[in-house]
Amino acid sequence: MKKKVILTVAIIILIILAVSIYVNVYGREDADFKVSRVLLKSVIRQGESISNNLTITNTKNQPQTFTISMKNLEDLFLLSENNFTLLPSQEKEIELTLESKEQPSGVFSGALLIQTETSTKEVPVILEIQSQNITFATNLNIAPEYKEILSGEKLIAGIRIFNLMDTDAHSIEMQYIIRNLEGVIILSETENLIVGTESQITKAITLPTDIIPGNYVLAIISKFDDSASTSSYLFSITTKKAKGLFTDKIDPLTLAFVFLVLIFLLGILAIVIYMIYDRNRLFLELRRQHREELKFYMGKIDRRQKLYVTEARDEKEKKKIIKKFRAVRKKAVKKLKERYKKRKEVFKKLRKQKKPSEMKRKLNEWKKQGFNVDELLVRIQKPKKTSSKKIAEQWGKKGFDTSAFKK
Numbered sequence: 000m001k002k003k004v005i006l007t008v009a010i011i012i013l014i015i016l017a018v019s020i021y022v023n024v025y026g027r028e029d030a031d032f033k034v035s036r037v038l039l040k041s042v043i044r045q046g047e048s049i050s051n052n053l054t055i056t057n058t059k060n061q062p063q064t065f066t067i068s069m070k071n072l073e074d075l076f077l078l079s080e081n082n083f084t085l086l087p088s089q090e091k092e093i094e095l096t097l098e099s100k101e102q103p104s105g106v107f108s109g110a111l112l113i114q115t116e117t118s119t120k121e122v123p124v125i126l127e128i129q130s131q132n133i134t135f136a137t138n139l140n141i142a143p144e145y146k147e148i149l150s151g152e153k154l155i156a157g158i159r160i161f162n163l164m165d166t167d168a169h170s171i172e173m174q175y176i177i178r179n180l181e182g183v184i185i186l187s188e189t190e191n192l193i194v195g196t197e198s199q200i201t202k203a204i205t206l207p208t209d210i211i212p213g214n215y216v217l218a219i220i221s222k223f224d225d226s227a228s229t230s231s232y233l234f235s236i237t238t239k240k241a242k243g244l245f246t247d248k249i250d251p252l253t254l255a256f257v258f259l260v261l262i263f264l265l266g267i268l269a270i271v272i273y274m275i276y277d278r279n280r281l282f283l284e285l286r287r288q289h290r291e292e293l294k295f296y297m298g299k300i301d302r303r304q305k306l307y308v309t310e311a312r313d314e315k316e317k318k319k320i321i322k323k324f325r326a327v328r329k330k331a332v333k334k335l336k337e338r339y340k341k342r343k344e345v346f347k348k349l350r351k352q353k354k355p356s357e358m359k360r361k362l363n364e365w366k367k368q369g370f371n372v373d374e375l376l377v378r379i380q381k382p383k384k385t386s387s388k389k390i391a392e393q394w395g396k397k398g399f400d401t402s403a404f405k406k
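According to numbering that gives the first Met the number 0, the sequence shown is numbered sequentially starting from 0.
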């Protein structure tokens with residue numbers, strides 16, 4: 000009962016720790032508040048308007064005052080509110096509306112800043128403005144491993160271009176731009192491509208070695224006459240790539256927590272292994288004892304059989320002896336197995352009663368007990384010598400010449 004209680008408590012603690020580490024590592028948010036969206040991205044045509052919403056929740060146990068502002072896109076977006084106060088667990092929905100409709104085509108980047116007295120969050124904002132008439136459309140495909148890359152590395156982008164106008168081949172201008180959330184262009188390239196109905200290319204862009212860690216936007220713009228089509232991709236420059244659970248984003252406190260959990264898991268594993276071993280060790284010892292007894296007594300029977308066979312007078316007597324010993328061996332095995340089975344039942348009862356010391360005492364007691372195999376062997380008589388030899392021996396003792404019996 001005690002072991003079951005320990006194991007149950009250990010499992011409960013393990014579940015609690017597993018949930019805690021998941022929340023601590025994967026579900027962490029700033030303690031002050033949380034935001035419903037991690038990116039605000041919009042794609043519109045020239046002259047259109049757009050609005051985006053996000054929800055802010057106060058996760059602190061006290062009221063907080065929030066300040067909302069735009070970074071770099073303050074001339075394009077109008078905020079529904081700039082300042083407000085939220086009670087604990089209270090939510091507020093913020094609306095971003097495109098203010099100006101006379102913007103040129105292109106990709107614009109910025110951020111929504113959410114601040115309290117103790118913390119700040121930055122939500123990236125991407126606005127793609129395409130021409131009213133689109134003759135060539137672009138589709139951007141980038142592998143997930145490029146979501147976070149190091150400075151100086153290459154960003155590999157798969158680009159598909161579709162001719163929406165006709166089936167002829169045309170020369171179009173392709174622009175590749177990387178800019179930060181302040182709107183500063185870090186890198187820009189331009190090339191001309193011949194595109195028929197559809198074309199697919201792979202573009203490798205080498206990032207500067209001195210680029211500052213942070214969020215960046217890759218913008219792809221295809222132009223043909225007065226048509227402009229856009230695609231974009233948000234990625235981050237980091238000082239160290241994430242490698243599974245232990246990333247540079249995890250603080251020392253979390254690493255210490257993970258280390259303690261691993262130690263606890265090893266402790267639980269050791270307890271479980273010990274309990275399983277301790278429970279079965281005596282049964283294994285009983286089985287080993289049974290096998291040794293079988294080996295010992297079968298060896299004794301085999302040696303007696305070998306002796307009797309060598310003294311047999313002829314093949315017929317040999318076969319008769321072997322048959323008798325086979326029957327003795329079978330009976331001995333049966334009796335030993337029955338005894339082992341009864342001992343196992345005794346062990347099971349003692350284990351159920353939680354009496355390991357009594358199990359050990361019984362094991363030592365049984366080890367000292369033998370098995371009377373002779374009561375089975377006594378039924379097999381030793382082969383008698385030939386009668387002529389017996390007569391010769393008797394006459395020899397009386398002084399008669401018995402040399403004729405030896406020829």
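In this text, a Cβ means the ideal position worked out from N, Cα and C, and glycines have one as well.
Would you grab the beta carbon distance between ILE67 and GLU80 for me? Rounded to a whole angstrom, and I think it's under 8 Å. The C-beta distance from ILE67 to GLU80 rounds to 6 Å, short enough to fall under 8 Å.
CA-CA distance, ALA326 and PHE295? 17 Å
Limits of the unbroken beta strand (DSSP E) element including ILE193: 184-194
Could you have a look at THR115 and say whether DSSP puts it in helix, strand or coil? coil
Are ILE418 and TYR215 close, meaning C-beta to C-beta below 7 Å? Since the first and last residues shown for the chain are 0 and 406, residue 418 lies out of range.
Which of the three DSSP states is assigned to ILE267 in this structure? In the structure shown, ILE267 sits in a helix (DSSP, three-state: H, G or I).
Under a three-way DSSP split, which group does GLU292 fall into? Three-state result, GLU292: helix.
Mapping DSSP to helix, strand and coil, what is ILE321? In the structure shown, ILE321 adopts helical secondary structure according to DSSP, grouped into three states.
Under the rule that 16 or more other beta-carbon atoms within 10 Å means buried, what is GLU127, buried or exposed? The residue in question, GLU127, is buried, as its Cβ has 16 or more Cβ neighbours within 10 Å.
Do the region 293-310 and the region 327-341 meet, that is, are 3 or more Cβ pairs less than 8 Å apart? Yes, they touch.
Three-state secondary structure (DSSP) of LYS153: strand
Using the beta-carbon count (16 or more within 10 Å), is GLN129 buried or exposed? Buried.
Delimiting residues of the alpha helix (DSSP H) encompassing GLU92: Note, GLU92: premise wrong, no alpha helix (DSSP H); beta strand (DSSP E) at 90-97.
If I'm right that THR205 touches LEU149 with Cβ under 8 Å, what's the distance once you round it to whole angstroms? The pair is not a contact, with the Cβ atoms about 12 Å apart (cut-off 8 Å).
Taking only the alpha-carbon atoms, compute the straight-line gap between ASP301 and PRO355 and give it to the nearest angstrom. 37 Å
Identity of the residue in THR137, GLN352, LYS381, GLU284 nearest GLU316 by Cα: LYS381
Express the C-alpha separation of PHE370 and GLU337 in angstroms, rounding to a whole number. 12 Å
Length of the line joining the Cα atoms of ASN60 and GLN89: Here the alpha carbons of GLN89 and ASN60 stand approximately 10 Å from one another.
Counting Cβ pairs, one atom from each stretch, are 3 or more of them under 8 Å apart for the region 215-230 and the region 154-162? yes
LEU72 and VAL124 look like a contact to me (Cβ under 8 Å); what is the Cβ gap, rounded to whole Å? 6 Å
Considering only residues of the same chain and omitting the five flanking positions on each side of ILE49, which have a CB-CB separation below 6 Å? SER41, ILE43, LEU97
With three or more beta-carbon pairs closer than 8 Å as the criterion, would you say the region 136-146 touches the region 159-177? The region 136-146 is in contact with the region 159-177.
Express the C-alpha separation of LYS120 and ALA110 in angstroms, rounding to a whole number. Looking at the two C-alpha atoms, the distance is approximately 10 Å.
Which residue wins for smallest C-alpha separation from GLU292, given the options ALA255, VAL271, LEU335? If we check each option's Cα against that of GLU292, LEU335 comes out closest.
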